[in-house]
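Q: As given, the protein sequences belong to chains A and B, one line each in that order. The first sequence begins at 714 in the numbering used here and counts up one residue at a time. The second sequence begins at 43 in the numbering used here and counts up one residue at a time. Beta carbons are placed, not taken as given, at the ideal position from N, Cα and C, and that holds for glycine.
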Amino acid sequence: MGLAQLDLFDQAMLLFAALVLFTSFVMLAQVRIVPLIHAFAWQGALLAVATALVAFVSKHPHLYLSAGLGFGLKALLIPWILHRLAVRLRIHHESESIKHPVLVLLGGAGLVVFSYYVTLPIVQLSELTTRNTIAVSQAVVLLGMLLMISRNKAVAQVIGFMSIENGLFFAAVVATYGMPMVVELGIAFDVLVAVVLFGVFFFQMRESIDSLDVNRLNRLREVDEALSEAEPRQ
Amino acid sequence: MIALWLVLLVPLTGVVVLALIGQQRYAGWLNIGFTGAALAAALALAYGVLEHGPLLSSGKMLHIDAFNVYLVVLTAFVGFTTAIFSRPYMLHEVERRQLSARRMRLYHAMYQGFMFTMYAALTTNNIGILWVAMEGATLATVLLVSLYRTPEAVEAAWKYFILCGVGIAQALFGTILVYFAAARVISSTDEALLWDVLYDSAARLEPTVLTIAFVFLLVGYGTKVGLVPLHNWLPDAHSEGPTPMSAILSGLLLNVALYALVRMKMLVDGSLDSDLAGHLMMAFGFLSFTVAGLFLHRSRDIKRMFSYSSIEHMGLMTFAFGMGGALATFAALLHMTVHSLTKSAIFVTVGHAAQIAGTQSIERIRGLIRTQPVVGWGLLIGTIAIAGFPPFGVFTSEFLVLTATMKAWPWLTVPLLVGLVIAFAGLFRHLQPMVYGEPPAGQVAVRANMLPVMVHLLLVLWLGLAIPVFLSSWFSEATILIAGSAPQ
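#1: Starting from the N-terminal side, write out each stretch of the alpha helix (DSSP H) that is 4 residues or longer and does not extend beyond the region 377-457 of chain B.
#2: Closer than 8 Å, CB to CB, is residue 144 of chain B near chain A or not?
#3: How about residue 903 of chain A: is its C-beta nearer than 8 Å to some C-beta of chain B?
#4: At the level of alpha carbons, what is the spacing between residue 823 of chain A and residue 738 of chain A?
#5: Name the chain A residues whose beta carbon is nearer than 8 Å to that of residue 174 of chain B?
#6: Determine the chain A residues that contact residue 200 of chain B at a beta-carbon separation under 8 Å, and present them in chain order.
#7: Along chain B, which residues have their Cβ under 7 Å away from the Cβ of residue 764 of chain A?
#8: Hey, does residue 878 of chain A have any beta-carbon neighbour from chain B nearer than 8 Å?
#9: Is the CB of residue 736 of chain A under 8 Å away from at least one CB in chain B?
#10: Please check the pair residue 358 of chain B and residue 331 of chain B, which I expect to be a contact at CB under 8 Å, by giving their CB distance rounded to whole angstroms.
#11: Which residues in chain B sit within 8 Å of residue 835 of chain A, going by Cβ to Cβ distance?
#12: Can you name the residues of chain B whose CB is closer than 7 Å to the CB of residue 885 of chain A?
#13: Is there a C-beta anywhere in chain A that falls below 8 Å from the one on residue 109 of chain B?
#14: So, with DSSP's three-state summary, where would you put residue 60 of chain B?
#15: My guess is that residue 73 of chain B and residue 144 of chain B are in contact by the Cβ rule of under 8 Å, so how many angstroms apart are they, rounded?
#16: Are three or more beta carbon pairs between the region 390-407 of chain B and the region 271-289 of chain B nearer than 8 Å?
#17: Of all the options A:876, A:757, A:875, which has the alpha carbon lying nearest to the alpha carbon of residue 1021 of chain A?
#18: 8 Å is my cut-off, CB to CB: does residue 724 of chain A come that close to chain B?
#19: Take residue 678 of chain A as the anchor and find which of A:808, A:851, A:814, A:815 has the nearest alpha-carbon.
#20: Are the region 414-427 of chain B and the region 438-454 of chain B touching by the rule of at least three beta carbon pairs closer than 8 Å?
#21: Determine the contact status of residue 368 of chain B and residue 529 of chain B, defining contact as a CB-CB distance below 8 Å.
#22: Do you know how far the Cα of residue 892 of chain A is from the Cα of residue 524 of chain B?
#23: Any heavy atom of the ligand FAD closer than 7 Å to the CB of residue 848 of chain A?
#24: On a Cα-Cα basis, can you pick out the residue from B:513, B:486, B:99, B:146 that is closest to residue 398 of chain B?
#25: Drop a sphere of 10 angstroms on the beta-carbon of residue 745 of chain A, count the other beta-carbons inside from all chains shown, and report buried for 16 or more, exposed for fewer.
#26: For residue 854 of chain A, go through chain B and note every residue whose CB falls closer than 9 Å to its CB, in chain order.
#27: Count Cβ pairs between the region 121-139 of chain B and the region 486-499 of chain B that sit closer than 8 Å; are there 3 or more?
#28: Please compile the residues from chain A whose C-beta is within a distance smaller than 9 Å of the C-beta of residue 208 of chain B.
#29: What do you reckon, are the CB atoms on residue 890 of chain A and residue 810 of chain A nearer than 8 Å?
#30: Per DSSP, residue 745 of chain A forms a beta bridge with which residues?
#31: Taking one C-beta from the region 914-923 of chain A and one from the region 249-268 of chain B each time, how about it: are there three or more such pairs within less than 8 Å?
#32: In its own chain, which residues sit with a C-beta less than 6 Å from the C-beta of residue 854 of chain A, not counting the 5 before and 5 after it?
#33: How long is the line joining the alpha carbons of residue 138 of chain B and residue 858 of chain A, rounded to whole angstroms?
#34: Could you tell me which chain A residues have their CB closer than 7 Å to the CB of residue 225 of chain B, listed as they occur along the chain?
#35: Measuring only the C-alpha atoms, how far is residue 871 of chain A from residue 188 of chain B?
#36: What residues in the region 184-200 of chain B have a beta carbon less than 9 Å from any beta carbon of chain A?
Laid out in structure tokens, this is it:
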């Protein structure tokens with residue numbers, strides 16, 4: 714079936730799914746902190762638009778609420794908090810070097826293919842017109858993980874974490890027209906608390922190891938104990 | 043019904059009250075009071091369920107059956123005794139580590155917050171809320187792990203946060219897939235996440251989707267259970283946080299995560315013809331059991347050692363639940379109970395031992411029996427109990443697991459026995475010098491409250507000698523619920 718045969722809504726939906734996936738790749742490649750936060754905000758905004766689109770076509774008014782919630786939380790509030798934290802911690806001009814940027818991006822492409830493969834049985838079952846996007850949402854989750862793995866800065870890891878949450882939200886919208894409202898509110902609450910706690914952690918890390926580089930968190934392990942014996946605890 | 047709401051409302055009130063005045067010296071007493079009130083409500087609830095059978099609240103928000111009501115009581119009980127231990131212990135820690143008033147407020151409020159999330163996860167009828175509560179449990183405890191603000195504590199908390207956060211995100215994806223499958227067969231979408239509705243229509247759910255969903259759910263909730271290879275956060279979080287936290291993490295959180303996993307298995311079993319879910323759980327459980335047993339030998343930190351022991355026991359339970367069948371399920375339920383009681387007692391004792399020695403390093407904890415006999419004996423007896431010696435309850439449940447394995451998977455009995463011996467050796471090679479060795483000069487006794495330990499160990503002893511009738515009928519009922527048939 715060619716793209717042109719799909720109706721307008723499906724085409725728009727695919728476009729937004731592709732854009733969401735694209736922002737995931739942008740985040741994967743972006744090494745500077747502030748643009749990374751902006752890319753994350755864009756992803757949140759695109760998700761909200763896609764959700765509103767599904768709400769409009771499927772006539773599920775509660776999805777408008779989810780879209781609004783998603784926009785407020787993921788496109789405005791969380792990026793704003795992260796941005797403020799970055800400024801207060803004076804890391805907003807920093808950038809980090811990824812070891813193998815090309816390999817990471819190629820790995821990301823591989824993950825997209827893998828997601829299509831995994832979700833094949835589900836996609837065949839779905840009656841929703843947006844079923845193609847289930848694979849995309851799965852890919853966004855996996856790309857978020859890849860982002861967390863490939864970075865050492867705590868802020869970038871948090872963005873990866875939130876991007877996983879974005880993927881899950883997208884999955885819920887495109888697979889099932891969103892979760893029941895009470896669950897969605899619960900999840901939104903958890904996400905918000907998580908961001909605040911992450912903020913607290915940035916300061917605790919800065920205070921205790923004088924850096925936001927998670928590679929420096931390497932004291933606790935079973936093997937190689939000679940290291941921790943050299944500096945007795947307490 | 044009132045008791046059910048009270049179980050949830052009491053800790054929620056506790057959060058608010060203790061967030062305001064948690065820094066006072068009497069806050070420890072308030073903490074005991076709140077957990078005690080929750081325990082009373084839980085007992086009343088259990089009595090009601092015993093008399094009148096399962097409960098479904100109006101609006102289908104909460105659901106209580108034989109499986110979760112006994113976990114509610116267990117959770118409330120361990121929460122209560124740990125609060126009793128926590129009061130003098132934290133006062134001592136405040137002096138030793140100069141904890142500020144704000145941190146004590148945080149500690150007490152989050153203690154109640156954690157209890158609330160546990161009750162919410164156990165009593166909810168909505169598998170989406172179950173997920174929210176499990177994530178909430180992480181959020182409530184993560185700042186407590188980093189309470190001491192040492193570099194190690196911050197590292198442990200960060201690992202805990204990230205690993206559990208990402209792990210449990212997988213469980214959310216699994217939940218979405220279950221919802222996706224359910225929405226196709228259940229007409230009202232608002233009810234498609236409700237446990238009782240899902241359970242009744244499990245046979246109509248699409249098996250392929252549920253298979254994929256279960257893999258995600260297993261990875262997600264398995265991270266919180268501490269299954270290898272997703273266990274890395276567990277020893278860190280247990281060893282670096284305050285000891286009462288270790289006791290309730292090990293005694294309660296792991297149980298509740300396993301509870302979530304077993305609920306999901308019940309759903310998937312209803313939909314699939316094969317034992318796929320069970321086999322996956324067996325494999326992960328067995329791997330955790332073996333690997334954690336080996337790690338016991340390498341541990342140098344006493345709290346890390348006992349957290350590996352927790353992983354080992356959770357692995358065994360997962361294995362038993364995965365094996366399915368009446369006997370194995372009964373054994374797993376019993377093991378859940380005795381492990382919770384024993385392990386929280388051990389962590390309480392370990393907390394005192396670490397205060398006596400001024401360190402958690404196994405090599406420098408020596409001669410506990412001479413310095414403070416009650417702590418030394420407590421540690422010795424607790425470890426004997428957790429290693430699975432008769433006449434303690436852990437022996438009974440492990441014996442039942444072995445019997446069930448012998449019936450269903452005879453060739454697995456040998457590696458299981460070898461694993462038990464390895465774990466036993468790992469515990470005792472470290473324990474012996476800690477308890478008997480020569481105490482370092484100047485080591486003095488601390489004010490210790492060993493009452494919770496004794497009560498727990500006596501209960502475990504009781505369960506080992508004779509399981510009371512009401513409890514065994516309770517376990518049988520839960521077994522029928524999970525496995526479909528009663529143990530002979």
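A: Well, looking at it:
#1: 410-413, 415-428, 435-450
#2: To locate residue 144 of chain B, count along the second sequence from 1; it is residue 102. No, residue 144 of chain B lies away from the interface with chain A (no Cβ there is under 8 Å from its Cβ).
#3: Working through the first sequence from its first residue, we reach residue 903 of chain A at position 190. Yes, because at least one Cβ of chain B sits closer than 8 Å to the Cβ of residue 903 of chain A.
#4: Counting from one through the first sequence, the residue named residue 823 of chain A turns up at place 110. Counting from one through the first sequence, the residue named residue 738 of chain A turns up at place 25. Each residue's Cα considered, the two are about 12 Å apart.
#5: Numbered from its first residue, the second sequence carries residue 174 of chain B at position 132. Those within 8 Å of residue 174 of chain B in chain A are 896, 899, 900, 902, 903.
#6: Taking the first residue of the second sequence as position 1, residue 200 of chain B is located at position 158. Residues of chain A passing the Cβ test: 867, 914, 918, 927, 930.
#7: Position 51 of the first sequence, counting from 1, holds the residue named residue 764 of chain A. Here the premise fails: no neighbours, minimum Cβ distance about 14 Å.
#8: Residue mapping note: residue 878 of chain A aligns to position 165 of the first sequence, counting from 1. Yes - at least one Cβ of chain B is within 8 Å of the one on residue 878 of chain A.
#9: As a working mapping, residue 736 of chain A is identified with position 23 in the first sequence. Closer than 8 Å: no.
#10: For the purposes of this step, residue 358 of chain B is taken as the residue at position 316 of the second sequence. For the purposes of this step, residue 331 of chain B is taken as the residue at position 289 of the second sequence. Sure, about 5 Å apart at Cβ, within 8 Å.
#11: Here residue 835 of chain A corresponds to residue number 122 of the first sequence, with the count starting at 1. Result: 219, 222, 250, 251, 254.
#12: Here residue 885 of chain A corresponds to residue number 172 of the first sequence, with the count starting at 1. Here the neighbours are 218.
#13: On the second sequence, position 67 is the one that residue 109 of chain B refers to. So, not an interface residue.
#14: By one-based count along the second sequence, residue 60 of chain B stands at place 18. DSSP places residue 60 of chain B in helix when its eight states are reduced to three.
#15: Working through the second sequence from its first residue, we reach residue 73 of chain B at position 31. Working through the second sequence from its first residue, we reach residue 144 of chain B at position 102. In fact, because the Cβ distance is near 16 Å, the residues do not count as touching under 8 Å.
#16: yes
#17: Missing from the structure shown is residue 1021 of chain A; chain A here goes from 714 to 947 and no further.
#18: Walking along the first sequence from the start, residue 724 of chain A turns up at place 11. Not one chain B Cβ lies under 8 Å of residue 724 of chain A.
#19: In the structure as shown, chain A starts at 714 and stops at 947, and residue 678 of chain A therefore has no counterpart that could be examined.
#20: no
#21: Position 326 of the second sequence, counting from 1, holds the residue named residue 368 of chain B. Position 487 of the second sequence, counting from 1, holds the residue named residue 529 of chain B. Contact flag set, yes.
#22: The count along the second sequence starts at 1 and reaches residue 524 of chain B at position 482. The count along the first sequence starts at 1 and reaches residue 892 of chain A at position 179. Cα to Cα, residue 524 of chain B sits roughly 27 Å from residue 892 of chain A.
#23: In the structure shown, the ligand FAD is absent, as is every other ligand, since no ligand is present at all.
#24: Taking the first residue of the second sequence as 1, we reach residue 398 of chain B at position 356. The residue with the shortest Cα to Cα distance from residue 398 of chain B is B:486.
#25: Locating residue 745 of chain A in the first sequence gives position 32, where the first residue counts as 1. When all chains shown are included, residue 745 of chain A counts as exposed.
#26: As a working note, residue 854 of chain A is residue 141 in the first sequence. The contacting residues are 211, 212, 215.
#27: yes
#28: Start at 1 with the first residue of the second sequence, and residue 208 of chain B comes out as number 166. Under the 9 Å cutoff, chain A gives 857, 858, 861, 873, 874, 877.
#29: Looking up residue 890 of chain A in the first sequence gives position 177. Looking up residue 810 of chain A in the first sequence gives position 97. Contact: no.
#30: In the first sequence, the residue the question calls residue 745 of chain A occupies position 32. Residue 745 of chain A is bridged to A:808.
#31: no
#32: Numbered from 1 along the first sequence, position 141 holds the residue referred to as residue 854 of chain A. Hits under 6 Å: 877, 880.
#33: In the second sequence, counting from the first residue as 1, residue 138 of chain B sits at position 96. In the first sequence, counting from the first residue as 1, residue 858 of chain A sits at position 145. Cα-Cα distance, rounded: 40 Å.
#34: Walking along the second sequence from the start, residue 225 of chain B turns up at place 183. The contacting residues are 889.
#35: Residue mapping note: residue 871 of chain A aligns to position 158 of the first sequence, counting from 1. Residue mapping note: residue 188 of chain B aligns to position 146 of the second sequence, counting from 1. Roughly 18 Å separates the two Cα atoms.
#36: 184, 185, 188, 191, 192, 193, 194, 195, 196, 197, 198, 199, 200
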